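Okay, so here's the structure we're looking at.
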Amino acid sequence: MSAPSTEDGALALRVYFERPMIRLRLKPGREASVLRRHPWVFSGAIASTEGDVSGKDAGIAEVVDAGGRSLALGAYSPESQIVARLWSFDGHAVDAALFRERFASARSLRREILPPETTGYRAVNSEGDRCPGVLLDRYGDAAVLDLTTGGTETWAEELESAARDVFGAQRLVVRRTAASRDRGERPEPPGRTGGEDPAPFLESGLRFLADLSRGQKTGFFLDQRQNRARLRALAPGARVLNLFSYSGAFSVAALSGGAARAVDVDSSEPALQLAREQRRANALPAADSDFVRADVFEDLRRRAEGAEEWDIVVCDPPAFAKKKGDVPRAARGYQDVNRLAMGLVAPGGWLLTCSCSGLVDADLFQKIVFSASIDAGRTFQLAARQGAGADHPVSLDCPEGEYLKGLWLRRA
Ligand code: SAH
Numbered sequence: 003m004s005a006p007s008t009e010d011g012a013l014a015l016r017v018y019f020e021r022p023m024i025r026l027r028l029k030p031g032r033e034a035s036v037l038r039r040h041p042w043v044f045s046g047a048i049a050s051t052e053g054d055v056s057g058k059d060a061g062i063a064e065v066v067d068a069g070g071r072s073l074a075l076g077a078y079s080p081e082s083q084i085v086a087r088l089w090s091f092d093g094h095a096v097d098a099a100l101f102r103e104r105f106a107s108a109r110s111l112r113r114e115i116l117p118p119e120t121t122g123y124r125a126v127n128s129e130g131d132r133c134p135g136v137l138l139d140r141y142g143d144a145a146v147l148d149l150t151t152g153g154t155e156t157w158a159e160e161l162e163s164a165a166r167d168v169f170g171a172q173r174l175v176v177r178r179t180a181a182s183r184d185r186g187e188r189p190e191p192p193g194r195t196g197g198e199d200p201a202p203f204l205e206s207g208l209r210f211l212a213d214l215s216r217g218q219k220t221g222f223f224l225d226q227r228q229n230r231a232r233l234r235a236l237a238p239g240a241r242v243l244n245l246f247s248y249s250g251a252f253s254v255a256a257l258s259g260g261a262a263r264a265v266d267v268d269s270s271e272p273a274l275q276l277a278r279e280q281r282r283a284n285a286l287p288a289a290d291s292d293f294v295r296a297d298v299f300e301d302l303r304r305r306a307e308g309a310e311e312w313d314i315v316v317c318d319p320p321a322f323a324k325k326k327g328d329v330p331r332a333a334r335g336y337q338d339v340n341r342l343a344m345g346l347v348a349p350g351g352w353l354l355t356c357s358c359s360g361l362v363d364a365d366l367f368q369k370i371v372f373s374a375s376i377d378a379g380r381t382f383q384l385a386a387r388q389g390a391g392a393d394h395p396v397s398l399d400c401p402e403g404e405y406l407k408g409l410w411l412r413r414a
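For the sequence shown, counting from 1, position 123 maps to 125 in the working numbering; every step adds exactly one.
Following this line, the structure appears as structure tokens:
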């Protein structure tokens, strides 16, 4: 079944969305988290699913308790363990008007918190902006709308038009990354095989490039803005080793802050290519030897054999744990890479070590890093903890939204 076609698109959508097609009846006692406005409903909490699950508008779900009382409305993702992500707890229809309202509220937060000369930022942060399953990243005149769940993918048209209305980007790329995530796969690998030029934008006056369609995430790691700023401030005169560099944004920040040298290490050639372009865009040095295509673990072992020393090492790997079962292996990975990285830090130097695995919480990550320091035989002070900036807000209703951990460690 499709939306009624009329000249008055907004009215038609309202009618379309107001009638939930799927009813998810919870098992007795499983309503507590919904009553606390937690936006996730796990498949294990569902007693029965009623309605036409095959319909085109099956994207909308009404969640009812065991007795049939309506509790919430949300996006239905039958393929995912999180079978519904909830958008409305007060009976408000999930419709084009709600999308616009939520986007406008997200936009007003950004107006309050962004640093000057910054045109690249996360404009809508999923659960953190009460838009579960929707990310919107802004890069200058361009924007990327990333629909990360099956449910929000079925609302693509309406979300896209609300995004155009509220954010007014000249170029809007829509990415649908739900299917791969639902299967527990990584989002598509990076790689530029032609196509459109990356979108230019500013962050605190520095020039960056986001590869919108094929880059990692939506093309750039906006969540590291605050750590880039701190690195820039610490950088004067420093030799910086940037591990898992992707497009080398940390190095751009360090060099613009006065670093003597910055070396990017990544396994992806297209990422390193973009890193070169970003340095050139900022008139920063870009010698061939500053870009090393290698496996970081092997590269670190080679550097250890050469007894190298660096003033600042940045270690920002991809998420090692994608699902619960990965956590023990991920912990070993973090432990290894941190032990090796610590071995290269000069006395009085710094290690910024990060984890973006939501499943490895801040406590566990700090324990892993501590144990790496014991194995490395090195003493470090934890000088600061810093995660994502205020354009990545976390809803108190959904603390799981806080995924990025960054520890600033100074070698004693
Ligand atoms: N620090 C980056 C983001 C890192 S994303 C930034 O601030 O922009 C993770 C990066 O690690 C990706 O670019 C990926 O290509 C790279 N990568 C993943 N596994 C790797 C490995 N074993 N060795 C080297 N690079 C790796």
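Yeah, the Cβ is synthetic: ideal placement off N, Cα and C, and Gly gets one too.
These numbers were taken from a predicted model, which means no experiment stands behind them.
- prompt: Between 104, 206, 76, 62, which lies nearest to residue 118 when the distance is taken from Cα to Cα?
  reply: Locating residue 118 in the sequence shown gives position 116, where the first residue counts as 1. If we check each option's Cα against that of residue 118, 206 comes out closest.
message: Between the alpha carbons of residue 371 and residue 300, how many angstroms are there, rounded?
response: Counting from 1 along the sequence shown, the entry for residue 371 is found at position 369. Counting from 1 along the sequence shown, the entry for residue 300 is found at position 298. Roughly 19 Å between the two C-alpha positions.
- prompt: CB of residue 203 to nearest heavy atom of the ligand SAH: below 8 Å?
  reply: Within the sequence shown, the letter at position 201 stands for residue 203. Not under cutoff, so the answer is no.
- prompt: Quick one: does the C-beta of residue 423 sit closer than 8 Å to a heavy atom of the ligand SAH?
  reply: The requested residue 423 is not part of the displayed model; the chain covers only 3 to 414.
query: Is residue 377 near the ligand SAH, judged by its Cβ being under 8 Å from some heavy atom?
result: Counted from its first residue, the sequence shown places residue 377 at position 375. Because no heavy atom of the ligand SAH lies under 8 Å away, the Cβ of residue 377 does not count as near it: no.
Sub-9 Å separation of residue 241 and residue 262 beta-carbons: Counted from its first residue, the sequence shown places residue 241 at position 239. Counted from its first residue, the sequence shown places residue 262 at position 260. With respect to the 9 Å criterion, residue 241 and residue 262 are classified as neighbours on the basis of their beta carbons.
message: Suppose contacts are defined by Cβ-Cβ distances below 9 Å. Is residue 64 in contact with residue 74 by that definition?
response: Stepping through the sequence shown from its first residue, residue 64 is reached at position 62. Stepping through the sequence shown from its first residue, residue 74 is reached at position 72. Taking 9 Å as the cut-off, the beta carbon of residue 64 is found closer than this to the beta carbon of residue 74.
- request: Going by CA-CA distance only, name the one from 273, 297, 269 that's closest to residue 222.
  value: Walking along the sequence shown from the start, residue 222 turns up at place 220. Closest option to residue 222, Cα to Cα, is 273.
task: Using only the heavy atoms of the ligand GDP, determine whether one of them is closer than 8 Å to the beta carbon of residue 247.
output: The ligand GDP is not part of this structure, which contains only the ligand SAH.
field: Same chain, Cβ closer than 7 Å to residue 416, five either side skipped, listed in chain order
entry: No statement about residue 416 is possible, as the shown extent of the chain runs from 3 to 414 and does not include it.
message: Rounded to whole angstroms, what is the Cα-Cα separation between residue 403 and residue 27?
response: In the sequence shown, counting from the first residue as 1, residue 403 sits at position 401. In the sequence shown, counting from the first residue as 1, residue 27 sits at position 25. Each residue's Cα considered, the two are about 26 Å apart.
query: In its own chain, which residues sit with a C-beta less than 6 Å from the C-beta of residue 381, not counting the 5 before and 5 after it?
result: Here residue 381 is taken as the residue at index 379 of the sequence shown, counted from 1. 414, listed in sequence order.
Residue 412, enclosing beta strand (DSSP E) - first and last residue: Stepping through the sequence shown from its first residue, residue 412 is reached at position 410. Here the beta strand (DSSP E) through residue 412 covers 407–413.
query: Does the stretch 97–108 come close enough to the stretch 121–138 to have 3 or more Cβ pairs within less than 8 Å?
result: Counting Cβ pairs under 8 Å, three or more are found: they touch.
query: What are the partner residues of residue 266, as DSSP defines its beta bridges?
result: Position 264 of the sequence shown, counting from 1, holds the residue named residue 266. 244, 293.
message: Does the distance between the C-beta of residue 267 and the nearest non-hydrogen atom of the ligand SAH fall short of 8 Å?
response: The count along the sequence shown starts at 1 and reaches residue 267 at position 265. Here the distance from the Cβ of residue 267 to the nearest heavy atom of the ligand SAH is below 8 Å.
query: What span of residues does the beta strand (DSSP E) with residue 1 cover, start to end?
result: Here the chain comprises residues numbered 3 to 414, so residue 1 is not present and cannot be evaluated.
message: According to DSSP, simplified to helix, strand and coil, what is residue 189?
response: Taking the sequence shown and counting its residues from 1, the one referred to as residue 189 is at position 187. Because residue 189 carries a pLDDT of 48, less than 50, the predicted location of this residue cannot be relied on, and no value is offered for it.
message: Using a 10 Å radius around the Cβ and a threshold of 16 neighbouring Cβ atoms, would you call residue 265 buried or exposed?
response: For this step, residue 265 is matched to residue 263 along the sequence shown. Buried, because 16 or more other Cβ atoms sit within 10 Å of the Cβ of residue 265.
message: Do residue 278 and residue 260 count as a contact pair if the criterion is CB distance below 9 Å?
response: Locating residue 260 in the sequence shown gives position 258, where the first residue counts as 1. Locating residue 278 in the sequence shown gives position 276, where the first residue counts as 1. Not a contact, by the Cβ cut-off of 9 Å.
query: Quick one: what's got a C-beta closer than 6 Å to residue 356's C-beta in the same chain, skipping five residues either side?
result: Taking the first residue of the sequence shown as 1, we reach residue 356 at position 354. Excluding residues within five positions, the ones whose Cβ falls inside 6 Å are 318, 408.
message: With a threshold of 8 Å (Cβ to nearest heavy atom), would residue 357 be considered close to the ligand SAH?
response: Locating residue 357 in the sequence shown gives position 355, counting from the first residue. No - the ligand SAH has no heavy atom lying nearer than 8 Å to the Cβ of residue 357.
Three-way DSSP call (helix, strand, coil) for residue 95 in this model: Counting from 1 along the sequence shown, the entry for residue 95 is found at position 93. Coil, per DSSP.
field: CA-to-CA distance, residue 166 to residue 405, given in whole angstroms
entry: Within the sequence shown, residue 405 is the residue found at index 403, counting from 1. Within the sequence shown, residue 166 is the residue found at index 164, counting from 1. Their Cα atoms are separated by approximately 28 Å.
query: Would you call the CB atoms of residue 153 and residue 76 closer than 9 Å?
result: Within the sequence shown, residue 153 is the residue found at index 151, counting from 1. Within the sequence shown, residue 76 is the residue found at index 74, counting from 1. A contact, by the Cβ cut-off of 9 Å.
- prompt: Beta-carbon separation of residue 412 and residue 383 under 9 Å?
  reply: Position 410 of the sequence shown, counted from the first residue, corresponds to residue 412. Position 381 of the sequence shown, counted from the first residue, corresponds to residue 383. Yes, the Cβ-Cβ distance between residue 412 and residue 383 is below 9 Å.
Segments of 4+ residues assigned as alpha helix (DSSP H) that fall wholly inside the stretch 289–376: The DSSP assignment places complete alpha helix (DSSP H) segments of no fewer than 4 residues inside the stretch 289–376 at 298–307, 329–344, in order along the chain.
task: Could you have a look at residue 274 and say whether DSSP puts it in helix, strand or coil?
output: Residue numbering aside, residue 274 sits at position 272 when the sequence shown is read from its first letter. The three-state secondary structure of residue 274, taken from DSSP, is helix.
query: What did DSSP end up calling residue 383 once you bin it into helix, strand or coil?
result: Position 381 of the sequence shown, counting from 1, holds the residue named residue 383. In the three-state scheme derived from DSSP, where H, G and I count as helix and E and B as strand, residue 383 is classed as strand.
query: Is residue 173 closer than 9 Å to residue 201 when the C-beta atoms are compared?
result: In the sequence shown, counting from the first residue as 1, residue 201 sits at position 199. In the sequence shown, counting from the first residue as 1, residue 173 sits at position 171. Their beta carbons are under 9 Å apart, which means residue 201 touches residue 173 by this criterion.
query: Would DSSP call residue 51 helix, strand or coil?
result: As a working note, residue 51 is residue 49 in the sequence shown. In the three-state DSSP reduction, residue 51 falls in the strand class (E or B).
query: Under the three-state reduction of DSSP, which class applies to residue 30: helix, strand or coil?
result: Taking the sequence shown and counting its residues from 1, one reaches residue 30 at position 28. Residue 30: coil per DSSP, three-state reduction.
- prompt: Helix, strand or coil: which one does DSSP assign to residue 72?
  reply: Numbered from its first residue, the sequence shown carries residue 72 at position 70. Three-state DSSP puts residue 72 in a strand.
- prompt: Given a threshold of 16 other Cβ atoms within 10 Å of its Cβ, counted over all protein chains shown, does residue 394 qualify as buried or as exposed?
  reply: Working through the sequence shown from its first residue, we reach residue 394 at position 392. By the 10 Å Cβ count, residue 394 comes out buried.
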